[in-house]
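Peer 1: Before I ask anything, here is the structure I am working with.
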Amino acid sequence: MEKSNEFDYLSLTHFLSKALFLGIGISRILSSAKESTIFCLILGTFFGVILLYIINNMSFYNSSKFKKIIMFILIFILLIIGLVEFINLINSIYLIDTNKFVIVLPLLLAIIYTNIQNIKVSFKISSILLILCLLILGFSYITLIPEIRFLNYFPLFNVSFIKVLKVSFEFALYSVVPNILLGGINYKFKDKNKRLIRHYLFSNLVLIIYMLITQGILGIDLIKLFKYPEYVILKKISLLDFINNIENLLSFSWLFTIYVYLCLCSKILFDISYEITKKKWIYPIFLIIILYFITSYFLDNLIFLLVTYDIHWIMCLVILIAYILLNINTFKLKKNK
Numbered sequence: 001m002e003k004s005n006e007f008d009y010l011s012l013t014h015f016l017s018k019a020l021f022l023g024i025g026i027s028r029i030l031s032s033a034k035e036s037t038i039f040c041l042i043l044g045t046f047f048g049v050i051l052l053y054i055i056n057n058m059s060f061y062n063s064s065k066f067k068k069i070i071m072f073i074l075i076f077i078l079l080i081i082g083l084v085e086f087i088n089l090i091n092s093i094y095l096i097d098t099n100k101f102v103i104v105l106p107l108l109l110a111i112i113y114t115n116i117q118n119i120k121v122s123f124k125i126s127s128i129l130l131i132l133c134l135l136i137l138g139f140s141y142i143t144l145i146p147e148i149r150f151l152n153y154f155p156l157f158n159v160s161f162i163k164v165l166k167v168s169f170e171f172a173l174y175s176v177v178p179n180i181l182l183g184g185i186n187y188k189f190k191d192k193n194k195r196l197i198r199h200y201l202f203s204n205l206v207l208i209i210y211m212l213i214t215q216g217i218l219g220i221d222l223i224k225l226f227k228y229p230e231y232v233i234l235k236k237i238s239l240l241d242f243i244n245n246i247e248n249l250l251s252f253s254w255l256f257t258i259y260v261y262l263c264l265c266s267k268i269l270f271d272i273s274y275e276i277t278k279k280k281w282i283y284p285i286f287l288i289i290i291l292y293f294i295t296s297y298f299l300d301n302l303i304f305l306l307v308t309y310d311i312h313w314i315m316c317l318v319i320l321i322a323y324i325l326l327n328i329n330t331f332k333l334k335k336n337k
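Counting in my numbering, the sequence shown runs from 1 upward without gaps.
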């Protein structure tokens with residue numbers, strides 16, 4: 001595998017590790033951990049490395065038809081979670097009161113077009129968007145630091161140890177579960193496992209800094225009031241004291257993250273569908289029908305949204321356990337993979 005393609009592949013971890021935090025993950029972690037957030041994030045990263053090491057040594061690329069059907073269901077659930085995040089974000093911030101299916105249709109067409117291309121196209125998109133995201137986040141960090149109120153980090157020990165463990169594990173689930181998608185890609189190169197873990201640690205560092213800045217600016221009480229605290233803090237940014245309202249541009253880093261995540265989910269699903277049915281048109285039609293049904297009957301249902309918020313981490317746990325049980329026979333310990 002060429003070195004450029006290695007970086008393109010590894011850059012996927014940056015997006016996958018952050019994809020489930022938008023809208024639900026960040027607000028849940030910060031609201032639950034309170035001022036003990038920093039301990040939960042560090043411990044959660046430690047748990048995440050262990051979980052990531054386990055799933056990185058598994059694969060479903062050459063699995064049986066039955067396993068691929070189960071994997072199709074699991075990954076389709078991940079796809080739906082990501083699409084719900086994307087639709088709600090766009091509908092809440094950019095295109096208020098716009099029909100949700102109208103919002104998602106252009107995205108679906110772009111994703112389907114990417115699906116019919118070689119998997120390396122997804123890799124290249126991720127590496128390009130990674131650079132853009134890091135530039136946006138770097139600018140955001142520099143301009144937001146002066147807005148931090150350090151009293152929002154204290155008192156440090158105000159939740160129980162059991163609560164810290166639970167929130168830490170929840171953080172690990174959100175950051176690790178999307179990485180099961182990499183098990184469907186047959187790319188091997190030297191020190192693959194170690195390098196994926198290094199990229200995961202870097203991605204978590206970027207996310208941890210952002211979450212701590214969010215906590216420092218808003219405080220836990222205000223975070224509980226906002227659906228997108230990660231977006232609200234961007235409103236504090238102004239450029240050269242006269243260019244305001246640039247939060248929509250800066251929040252594109254989150255849209256890029258969801259887009260790469262959805263592209264990879266859909267690409268794996270497209271390939272599995274083709275291997276099972278030998279027909280390329282079935283999955284796109286199936287996806288459009290399901291999304292029309294969801295956007296028409298579920299996303300405006302408050303009960304559905306509240307239940308989804310509460311069981312978000314449980315769905316991730318079920319997917320992780322199912323993935324491990326399904327592919328445990330492929331688990332291998334190798335120094336270089």
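Every residue, glycine too, gets a C-beta built ideally from N, C-alpha and C.
Out of S203, I38 and L107, which one is the CA nearest neighbour of L134?
Peer 2: To locate residue 134, count along the sequence shown from 1; it is residue 134. Ranking the options by Cα distance to L134, first place goes to S203.
Peer 1: Reducing DSSP to helix, strand and coil, say where M58 ends up.
Peer 2: On the sequence shown, position 58 is the one that residue 58 refers to. Coil at M58, not helix or strand.
Peer 1: Span of the alpha helix (DSSP H) holding T13?
Peer 2: The residue you call residue 13 lines up with position 13 of the sequence shown. It spans K3 to L16 - the alpha helix (DSSP H) in which T13 sits, taken as one unbroken run.
Peer 1: In the DSSP assignment, the alpha helix (DSSP H) including V159 goes from what residue to what residue?
Peer 2: Start at 1 with the first residue of the sequence shown, and residue 159 comes out as number 159. Premise fails: V159 is in no alpha helix (DSSP H) and is neither H nor E.
Peer 1: Excluding five sequence neighbours on each side, which residues of the same chain lie with their C-beta closer than 8 angstroms to the C-beta of I209?
Peer 2: In the sequence shown, counting from the first residue as 1, residue 209 sits at position 209. For I209, where only same-chain residues beyond five positions count, the Cβ hits under 8 angstroms are Y141.
Peer 1: Starting from Q215, follow the alpha helix (DSSP H) in both directions and report where the run begins and ends.
Peer 2: Locating residue 215 in the sequence shown gives position 215, where the first residue counts as 1. Element bounds for Q215: K192 to L218.
Peer 1: Touching or not, the segment 206-225 and the segment 23-35, by the rule of three or more beta carbon pairs under 8 angstroms?
Peer 2: yes
Peer 1: In the DSSP assignment, find the alpha helix (DSSP H) that holds T143 and state where it starts and stops.
Peer 2: As a working mapping, residue 143 is identified with position 143 in the sequence shown. Here the alpha helix (DSSP H) through T143 covers I119 to L144.
Peer 1: If you reduce the DSSP assignment to three classes, tell me which class D310 lands in.
Peer 2: One-based indexing of the sequence shown puts residue 310 at position 310. Looking at D310 - three-state DSSP - the assignment turns out to be helix.
Peer 1: By a C-beta neighbour count over all protein chains shown, 10 Å radius and 16 as the cutoff for buried, is V102 buried or exposed?
Peer 2: Start at 1 with the first residue of the sequence shown, and residue 102 comes out as number 102. So V102 ends up on the exposed side.
Peer 1: Quick one: what's got a C-beta closer than 8 angstroms to F242's C-beta in the same chain, skipping five residues either side?
Peer 2: Here residue 242 refers to the residue found at position 242 of the sequence shown. With a pLDDT of 49 at F242, under the threshold of 50, the predicted position of this residue should be treated as unreliable, and no value is reported.
Peer 1: Would DSSP call F331 helix, strand or coil?
Peer 2: Residue mapping note: residue 331 aligns to position 331 of the sequence shown, counting from 1. F331 falls in the coil class under three-state DSSP.
Peer 1: How about K267 and T114: are their beta carbons less than 8 angstroms apart?
Peer 2: In the sequence shown, counting from the first residue as 1, residue 267 sits at position 267. In the sequence shown, counting from the first residue as 1, residue 114 sits at position 114. It is a contact, given that the beta carbons lie within the stated cut-off.
Peer 1: Taking the alpha-carbon positions, what's the L20 to D310 distance?
Peer 2: Here the question's residue 20 lines up with position 20 in the sequence shown. Here the question's residue 310 lines up with position 310 in the sequence shown. Going by the C-alpha atoms only, they are around 14 angstroms apart.
Peer 1: Can you round the beta-carbon distance between F72 and L269 to whole angstroms, since I take them to be within the 8 angstroms contact cut?
Peer 2: Reading the sequence shown from its first residue, position 72 is the one you call residue 72. Reading the sequence shown from its first residue, position 269 is the one you call residue 269. The pair is a contact, with the Cβ atoms about 6 angstroms apart (cut-off 8 angstroms).
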